[in-house]
Amino acid sequence: MVEMYEENVEGIQIIHAVPAGKYHQKLPTVFFYHGFTSSKELYSYFGYNLAKAGYRVILPDALMHGARAESDHSVLLSHFWRILQNNVSDLALLKETFVARGLADEARLGVGGVSMGGMTTLAALVHFPWVKAAASLMGSGYFISLSDHLFPPTHLSRAAFEAQTSLLLGCDISDKIALIAQKPLLVWHGEKDDVVPFIESAKLKQALEEYNEGANLTFISEPEASHKVSVSASNRTTDFFVSHL
C-alpha cells in the first residue's frame, strides 16, 4: 500500500509518496522531476512504484509548470534553461527540508527524472555530493552544446544567457566524467527520440566506458522508443534504485 499527498514546500508544490503507515519514519528518499511542459501528476506513477518499493518520493512541479503554471505558453517556451536551472536550486531546498524534518535518510538520497527532469538529474549528480544514485531518462548533461539548438534562448544574447545560467552551465558533464563515474547511474533513452537526441546518452555511455568501463552505469536503450517513457523504463527505474539505494 502507498500513501500520496499534495504538499507545498516554500512555494514549491509537490506530490509526496510514502509506503503506507511510514510517513513519519526516516526513509531512503528519491527526488523525481518531470519533463518540460508536463507536471508532477503525469509522472506520479514513478512515485507510486518507488514508494511501493519502500522509498519516500518527492515529485515537485518545476517553475512555470503544474500548480506553478505560466499561462502564456510562449513565455514558458522561452525560459526552458532558466526553469532547468531553477530545478537545481529547488532541489537543494527540498533536500534540506526533508532531511531537517528527519524524514529523509541523508545517507540514502537519490535523484531521477524524465527529459528536462533527466537533465536536472545529471546536473544534480555533478553539483550535489549527497546524491548517492541517479536515474536519467531521455535526458542530457551536455548543456552548453545542447543549448545551441534545444529551445535556444532567442530573447537573449549568448553572453547574457550564459551569465543567467552560469550555475547550470557549470554543471555541464563534458569535463566531469570522472565525477559522474563514481556514482550508480541509470541512463534510459529511446533511439528514435526526436526531442532530446539519443546520441546525447550514447555519448555519455562512451565517455564512461572509456573512463572506467562504465562500472557504475546501467544503460538501457529501446530501438523503437521515441520521446516517451515506456512501462519497461518505469519498472527498470524502480529496480535500479532498489539495487543501488
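Letter by letter, the sequence shown follows residues 1 to 245 in my numbering. Built from N, CA and C at the ideal position, the CB exists for glycine as well. Source: prediction; values computed, not measured.
C-beta atoms of residue i and residue j nearer than 7 Å
| i | j | result |
| --- | --- | --- |
| residue 135 | residue 237 | yes |
| residue 122 | residue 173 | yes |
| residue 219 | residue 195 | no |
| residue 95 | residue 126 | no |
| residue 35 | residue 114 | yes |
| residue 79 | residue 39 | no |
| residue 212 | residue 233 | no |
| residue 185 | residue 146 | no |
| residue 33 | residue 120 | yes |
| residue 9 | residue 97 | yes |
| residue 245 | residue 92 | no |
| residue 179 | residue 143 | no |
| residue 13 | residue 61 | yes |
| residue 140 | residue 200 | yes |
Buried or exposed (CB count within 10 angstroms, at least 16 for buried), residue i
| i | result |
| --- | --- |
| residue 11 | exposed |
| residue 116 | buried |
| residue 88 | buried |
| residue 86 | buried |
| residue 167 | exposed |
| residue 19 | buried |
| residue 154 | exposed |
| residue 224 | exposed |
| residue 229 | buried |
| residue 5 | exposed |
| residue 163 | exposed |
C-alpha distance - residue i paired with residue j, whole-angstrom precision
| i | j | result |
| --- | --- | --- |
| residue 103 | residue 243 | 21 Å |
| residue 70 | residue 118 | 21 Å |
| residue 27 | residue 1 | 16 Å |
| residue 17 | residue 58 | 7 Å |
| residue 106 | residue 99 | 6 Å |
| residue 130 | residue 109 | 7 Å |
| residue 171 | residue 3 | 34 Å |
| residue 43 | residue 214 | 28 Å |
| residue 90 | residue 15 | 14 Å |
| residue 209 | residue 84 | 27 Å |
| residue 111 | residue 81 | 19 Å |
| residue 227 | residue 21 | 36 Å |
| residue 203 | residue 151 | 20 Å |
| residue 75 | residue 156 | 13 Å |
| residue 23 | residue 159 | 46 Å |
Reduced DSSP category for residue i - H, G, I as helix; E, B as strand; rest coil
| i | result |
| --- | --- |
| residue 88 | helix |
| residue 158 | helix |
| residue 25 | coil |
| residue 98 | helix |
| residue 55 | coil |
| residue 163 | helix |
| residue 47 | helix |
| residue 32 | strand |
| residue 109 | strand |
Where the beta strand (DSSP E) containing residue i begins and where it ends
| i | result |
| --- | --- |
| residue 218 | 217-222 |
| residue 73 | Per DSSP, residue 73 belongs to no beta strand (DSSP E); it is in the alpha helix (DSSP H), 73-77. |
| residue 319 | Residue 319 is absent from the structure shown; the chain starts at 1 and stops at 245. |
| residue 133 | 133-137 |
| residue 247 | With the chain represented from 1 up to 245, any question about residue 247 goes unanswered, as that position is not in the structure. |
Host alpha helix (DSSP H) of residue i (start-end)
| i | result |
| --- | --- |
| residue 123 | 116-127 |
| residue 189 | From DSSP, residue 189 is part of no alpha helix (DSSP H) but of the beta strand (DSSP E) over 185-190. |
| residue 204 | 198-212 |
| residue 244 | 231-244 |
| residue 103 | Neither: residue 103 is in no alpha helix (DSSP H) and is coded neither H nor E. |
| residue 69 | First-last for residue 69: undefined, no H or E at that position. |
| residue 173 | Careful: residue 173 lies outside any alpha helix (DSSP H) and carries neither H nor E. |
| residue 145 | 143-146 |
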